[in-house]
Amino acid sequence: MDDYVAKHVAPATRALDAARARPGRRSDAQRFIRKVQRKVKKASQKAVDALLPRDAGAFRPRADVPARVGAPGTYATVYRPQRPNPASAYGRAAAAWGTLFACAWIALKVINRENPLRAIGSAFKGVGRRAPPPGATGPGRWVGDRSLGGRQVWVPATADRFRDERKRLEGALDDVPEDANVKPGSATKARGNEKKTSGAAKALPAWWTPPSPQYVPPGRKEALIQVAKAQGATLAAKRVSGAGFSADDIADFRAACAAAGERGCAVKSVGPESARVAIFRAAADFAVTDAMRGQAGATSAFNTPVGPLLVGLSDDLSLDAHKCVSIVMADVAVRVRGAVVQAGAGLRSNDSVATMLELNKLVDLFNTFPFTPDAPELDMLSVGLRSRLSEDERRRICDEFDAISNGEHSAVVRVAVCGASDSAYE
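Read left to right, the sequence shown gives residues 391 to 816 (our numbering).
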């Protein structure tokens with residue numbers, strides 16, 4: 391029996407054990423994966439060793455270092471345990487953790503689309519700050535101006551070291567009357583002249599008629615104000631982008647503000663005064679163009695009479711009425727000059743039809759936005775037209791206008807074309 395086992399069973403068992411002990415052949419992919427696993431394990435072990443100090447006394451066994459003891463000539467070499475250095479170990483750990491947090495902070499800044507270098511520089515005084523412009527004196531800061539399309543402008547600081555003293559002096563002079571050093575008679579005369587001047591300055595043209603207010607339900611007032619602010623923000627966005635304003639945009643803004651029933655409710659959404667003036671200039675240009683076409687009423691580009699619209703728009707934008715009138719009349723003066731020059735060109739080319747059409751535009755324009763005969767714009771127009779047209783051509787233009795307009799606005803046209811007898815430029 392033993393011979394049978396030794397002959398037949400034992401060889402098979404030994405062959406099976408040898409096959410189990412001998413590793414099988416691996417493919418190239420398996421060898422590559424095994425290699426990558428070893429590298430990852432090695433890198434992870436290095437990172438753990440750097441973050442966790444293992445060479446301190448609690449983590450690393452003490453090694454024996456040689457040391458010499460005794461007197462010279464009789465010293466002996468002994469071995470003593472190495473003293474651990476926890477400072478270096480924990481210092482390396484702190485540096486490793488600091489590097490890890492710094493990398494995480496930089497990654498967060500990059501994800502938020504921020505410049506990490508600028509953030510680091512702003513932490514130090516004077517680093518990362520934009521230098522003041524040449525000629526700037528005193529402290530200040532750079533701010534973005536929306537009226538200039540977001541351009542950075544330098545704004546000096548308002549505080550100064552003489553502010554307290556100036557306030558003290560202003561308080562001491564509050565009790566002193568303004569006319570303390572003026573004779574009573576001259577002071578009264580000066581006040582009378584000021585009243586006359588202010589009364590003349592407050593005179594507005596006849597076409598400046600405020601529109602009638604609209605009824606606003608109390609429950610809808612806040613919602614209508616928000617709609618007006620949204621329309622103002624649309625105008626501001628178009629101005630910044632350079633798209634310009636259309637007549638429909640201005641009409642929608644005016645209608646929204648009129649429906650809200652509150653003066654200047656959308657001023658902040660429109661922007662600074664320069665932005666509001668730009669909107670009013672665009673509206674004045676549309677209005678003057680419609681007036682020259684004879685469409686200043688309900689058929690205008692705003693689908694409403696241009697005069698009340700301009701008056702209401704000035705209230706919506708919180709602009710001074712006299713300033714708005716000067717803007718409109720300046721545009722009218724430019725159109726008058728262009729029409730007169732074109733009429734003179736028609737006279738020189740013997741094209742009476744073109745001359746009549748241009749002068750008829752002036753009739754429609756003056757019916758909507760009339761000048762007074764003593765307006766300063768007319769005197770300036772006459773001086774500019776002298777270099778363009780001869781005296782005979784200017785006289786013929788005035789006669790043609792009298793025939794077309796049946797004598798209306800003739801005095802205004804004669805002052806604008808031929809000049810006034812008491813002109814300041816004579």
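Even glycine gets a Cβ: it sits at the ideal position worked out from N, Cα and C.
Owing to the predicted nature of the structure, the values given are computational and were not obtained by experimental measurement.
C-alpha gap between residue i and residue j, whole angstroms
i: G632; j: D710; result: 25 Å
i: E748; j: V726; result: 9 Å
i: F449; j: A483; result: Annotation note: pLDDT 45 at F449 (below 50); position unreliable, no value reported.
i: V543; j: A526; result: 12 Å
i: V617; j: Q604; result: 16 Å
i: F670; j: A509; result: 42 Å
i: D550; j: W532; result: Low confidence applies to D550: its pLDDT is 49, below 50, so where it sits in the model is not reliable enough to give any reading.
i: T758; j: K751; result: 11 Å
i: G809; j: W598; result: 27 Å
i: P523; j: L498; result: 33 Å
i: D754; j: A723; result: 14 Å
i: F643; j: V730; result: 35 Å
i: F692; j: S664; result: 23 Å
i: G797; j: R786; result: 15 Å
i: P763; j: S739; result: 30 Å
i: F791; j: G734; result: 12 Å
i: A590; j: H712; result: With a pLDDT of only 46 at A590, under 50, the local geometry of the prediction cannot be trusted, and no value is derived from it.
i: L559; j: R629; result: For L559, the predicted model reports a pLDDT of 49, less than 50, meaning its position is unreliable and no value from the coordinates is stated.
i: D789; j: Q685; result: 26 Å
i: P760; j: H799; result: 8 Å
i: Q435; j: G488; result: 19 Å
i: V805; j: L779; result: 15 Å
i: R541; j: R503; result: 21 Å
i: A801; j: G654; result: 39 Å
i: A419; j: V430; result: 16 Å
i: P546; j: R520; result: 14 Å
i: L775; j: M746; result: 18 Å
i: I501; j: V606; result: 49 Å
i: D706; j: R784; result: 42 Å
i: A346; j: R683; result: Nothing can be reported for residue 346, as the shown portion of the chain is limited to 391 through 816.
Residue of the options minimising C-alpha distance to residue i
i: D675; options: K658, S659 and G634; result: G634
i: G651; options: A613, S780 and P695; result: A613
i: A668; options: P698, L507, T689 and S704; result: S704
i: R610; options: E783, P600 and A646; result: A646
i: A673; options: R653, A648 and G702; result: G702
i: I615; options: P760, H712 and A649; result: A649
i: A641; options: D789, L700 and S742; result: L700
i: A765; options: P595, D638, F422 and R653; result: P595
i: P601; options: A801, A433, R784 and T694; result: T694
i: F756; options: G736, M719 and R784; result: M719
i: L737; options: C714, L768 and E781; result: E781
i: L638; options: R683, S690, A681 and M770; result: Per the sequence shown, residue 638 should be read as Asp rather than Leu. Checked all of R683, S690, A681 and M770; the closest Cα to D638 is S690.
Unbroken alpha helix (DSSP H) run spanning residue i, endpoints
i: G622; result: K611 to S631
i: R541; result: Per DSSP, R541 belongs to no alpha helix (DSSP H); it is in the beta strand (DSSP E), R541 to P546.
i: G774; result: P766 to R776
i: L749; result: S742 to T758
i: E790; result: E781 to S795
i: E663; result: E663 to M682
i: R644; result: A637 to A650
i: V803; result: S800 to V807
i: V657; result: V657 to V660
The beta strand (DSSP E) enclosing residue i, as first and last residue numbers
i: G530; result: G530 to D535
Three-state secondary structure (DSSP) of residue i
i: D710; result: coil
i: G525; result: coil
i: W487; result: helix
i: F422; result: helix
i: W598; result: coil
i: G654; result: coil
i: S739; result: coil
i: G561; result: Annotation note: pLDDT 49 at G561 (below 50); position unreliable, no value reported.
i: V566; result: Residue confidence is low: V566 scores 48 on pLDDT, short of 50, so the model does not pin down where it sits. Its coordinate-derived value is still stated next. Reduced to three states, the DSSP call for V566 is coil.
i: Q604; result: coil
i: G634; result: coil
i: A810; result: coil
i: R482; result: helix
i: P698; result: helix
i: R416; result: coil
i: G687; result: coil
i: A492; result: helix
i: R508; result: helix
Cutoff 8 Å: residue i Cβ touching any chain C Cβ
i: T762; result: The structure shown contains no chain C, having only a single protein chain.
Would you call the stretch 651-661 in contact with the stretch 613-628, where contact means no fewer than 3 C-beta pairs closer than 8 Å? With a cut-off of 8 Å, the stretch 613-628 and the stretch 651-661 count as touching, because enough Cβ pairs lie within range.
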